[in-house]
Structure formats: C-alpha cells, structure tokens
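Following: one structure in structure tokens, then a few remarks.
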Amino acid sequence: MHVITEWVTNIILFILFATIIDLLLPSSSFQKYVKMVVGLILLLVMLSPLLHIFSIDVNRFLAAITEEDYGQQDMMKNELENKKKEIQASQRAYILEQTAVQMKKQVAEELMKQYGLTVKQIVVQTKENEHESLQIPDDIQTIKVIVSKSQDPEAVQPVVIDTAKSLEPSAEETEQTKKLASFFAAKWDVHEEKIDVQIEGREWGDVSVH
C-alpha cells in the first residue's frame with residue numbers, strides 16, 4: 001500500500017511541476033520539445049513500479065545465471081582435472097609396463113646362460129609424483145624380480161613338501177639373491193638396494209650363482 005501511495009504522490013507532484021513549467025515557458029517552438037520531454041518523464045514515472053519490479057527480476061536472474069555459470073566452471077574444472085589424472089595414471093602404468101618388458105629382455109639371455117634362470121615377473125614401483133613426468137631410472141623406488149629355475153617340461157619332478165624345512169631363507173639362499181640383485185643392478189643401472197629378488201620354489205640350493 002505504501003508503494004502505491006508513493007507512486008500516486010509522485011505522479012501528482014510531477015504533473016504540478018509540469019504545469020508550472022508550461023505556464024512559465026513562453027509560447028514558442030521550444031515549448032513543443034519541452035512538452036515532449038515532460039511527457040516522456042511522466043510516462044516513466046507512471047511506469048516506475050513496473051520498471052522497479054522488472055529491475056529486481058533482472059538482477060536476480062543475472063545473479064542466478066552468474067552463480068550457475070561459476071558452478072559449471074568449477075564442475076568442468078574438476079572434470080578436466082580428473083581426466084588429466086586418469087590420463088597421467090594410464091600413461092604411467094603403460095611406461096612402467098614397457099619398462100618391465102625391456103628390463104626382462106635385457107637380462108633374459110645372459111641370466112639363462114650364466115645361472116640357468118628365467119625371469120617370471122618384474123614389478124617396477126616408482127615415487128608418487130602426479131605433477132611431474134616419470135623419469136626412468138631416477139624415479140624408480142623398488143624393482144621386484146621373480147625368477148625361477150629353467151626346467152625341461154618333460155622332466156617335471158613331483159612336488160614334495162618338507163614340513164621340517166624352515167620357511168626362512170638360509171644364509172646361502174640370501175647370498176644367492178644378493179648376487180642376483182647385483183647382476184640386475186649392473187644391467188639396469190640402478191642401485192642394488194632397490195632390487196628385491198625372489199627365487200620361485202623352495203629348492204633354492206639347486207641354483208648355482210657365481
């Protein structure tokens with residue numbers, strides 16, 4: 001109700017003001033332009049409530065659009081960041097897989113010739129670093145190598161489980177794995193401490209490592 005009263009009061013006051021201006025101005029061509037301007041202003045005064053409402057709606061609408069736009073930008077930014085991490089993880093996994101393949105090829109022939117062993121599996125673990133590209137061999141943290149004694153498929157012996165034998169590796173077995181780690185370290189140009197060698201099977205004493 002207050003808004004309507006104020007609106008009507010403004011219209012009345014403006015009409016009085018326009019009447020006084022019309023009386024004071026002399027009759028001339030200039031008076032025609034003044035009346036046109038006064039008429040436009042009066043029209044704006046009469047439409048002011050509608051313009052006020054429209055202005056509020058526009059502001060709210062623009063604020064809502066801006067807020068939604070910022071929300072979409074944040075969402076897109078998060079999605080792009082997640083995609084980037086997924087791509088980096090895939091690239092990292094592929095590099096490590098290919099590195100393991102190349103490492104196996106590097107040592108396969110000589111390992112068989114010198115020790116009669118074959119590489120069953122190589123697992124390369126690197127430092128966690130999502131922001132920089134992977135550097136091999138600098139970023140290598142550990143290399144787990146599983147080897148096994150080469151056997152003739154036709155001469156496979158039955159498995160005998162000796163429960164009396166200790167599950168802990170003997171001093172001789174530890175020395176064997178240490179020498180193998182030294183062999184791999186020299187071939188791959190990495191520190192021996194980073195290489196963990198496991199010989200598949202329990203009859204480690206049959207493997208001669210010189």
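Under the UniProt record's numbering, read the sequence shown as residues 1 to 210, first letter to last.
Glycine included, each C-beta is placed from N, C-alpha and C at the ideal position.
All figures in this text were calculated on a predicted structure; none of them were measured in a lab.
Which word fits residue i, buried or exposed, when buried means at least 16 other C-beta atoms lie within 10 angstroms of its C-beta?
{"i": "Gln141", "result": "exposed"}
{"i": "Val156", "result": "In this predicted model, Val156 has a pLDDT of only 45, less than 50, meaning its place in the structure is not dependable enough to derive any value."}
{"i": "residue 212", "result": "This structure cannot settle anything about residue 212, because the visible part of the chain is limited to 1 through 210."}
{"i": "Phe184", "result": "buried"}
{"i": "Ile122", "result": "buried"}
{"i": "Met36", "result": "exposed"}
{"i": "Glu154", "result": "Summary for Glu154: the model assigns pLDDT 48, below 50, so the residue's position carries little reliability; its value from the coordinates is reported in the next sentence. Looking at its Cβ environment, which holds fewer than 16 other Cβ atoms inside 10 Å, Glu154 is exposed."}
{"i": "Ile143", "result": "buried"}
So which of the options has the shortest CA-CA distance to residue i?
{"i": "Leu106", "options": "Asp189, Val8, Asp196 and Glu67", "result": "For the record, residue 106 in the displayed sequence is Gln; it is not Leu. Closest option to Gln106, Cα to Cα, is Asp189."}
{"i": "Ile95", "options": "Pro137, Ile4, Met76 and Ile41", "result": "Pro137"}
{"i": "Leu40", "options": "Val8, Leu23, Ile15 and Lys104", "result": "Ile15"}
{"i": "Leu111", "options": "Ala89, Ser182 and Glu79", "result": "Ser182"}
{"i": "Asn4", "options": "Glu172, Glu173, Met46 and Lys84", "result": "Rather than Asn, the amino acid found at residue 4 in this sequence is Ile. Out of Glu172, Glu173, Met46 and Lys84, Met46 has the C-alpha closest to the C-alpha of Ile4."}
{"i": "Val124", "options": "Lys83, Glu86 and Ile195", "result": "Ile195"}
{"i": "Val197", "options": "Lys187, Ala171, Val145 and Gln176", "result": "Val145"}
{"i": "Thr126", "options": "Ala100, Tyr115, Lys149 and Val147", "result": "Ala100"}
{"i": "Thr118", "options": "Met36, Ile199, Val34 and Thr9", "result": "Ile199"}
{"i": "Ala186", "options": "Gly116, Gly71, Lys77 and Met103", "result": "Met103"}
{"i": "Gly116", "options": "Ala171, Leu180 and Gln88", "result": "Leu180"}
{"i": "Gln88", "options": "Met76, Leu134 and Glu193", "result": "Leu134"}
Excluding the 5 residues flanking residue i on each side, which residues of the same chain have their C-beta closer than 6 Å to its C-beta?
{"i": "Asp162", "result": "The predicted model places Asp162 with a pLDDT of 46, which falls under 50 and marks its position as unreliable; any figure quoted below should be read in that light. Contacts found: none."}
I'd like the list of long-range same chain contacts for residue i, defined as Cβ closer than 8 Å, with 5 residues on each side in sequence excluded.
{"i": "Leu42", "result": "Ile11, Phe14, Ile15 and Ala18"}
{"i": "Lys120", "result": "Ile146, Val147, Ser148 and Glu200"}
{"i": "Gln98", "result": "none"}
{"i": "Ser48", "result": "Trp7 and Asn10"}
{"i": "His191", "result": "Ala185"}
Is there a C-beta anywhere in chain C that falls below 8 Å from the one on residue i?
{"i": "Thr9", "result": "Going by chain labels, chain C is absent from the structure shown, which holds only one protein chain."}
Less than 7 Å between C-beta atoms, sequence neighbours within five positions excluded: which residues of the same chain meet that for residue i?
{"i": "Lys83", "result": "none"}
{"i": "Thr177", "result": "Val197 and Ile199"}
| said: List, from N- to C-terminal side, the beta strand (DSSP E) runs of 3 residues or more that fit wholly inside the region 62-147. | reply: Here the runs fully enclosed are 117-126.
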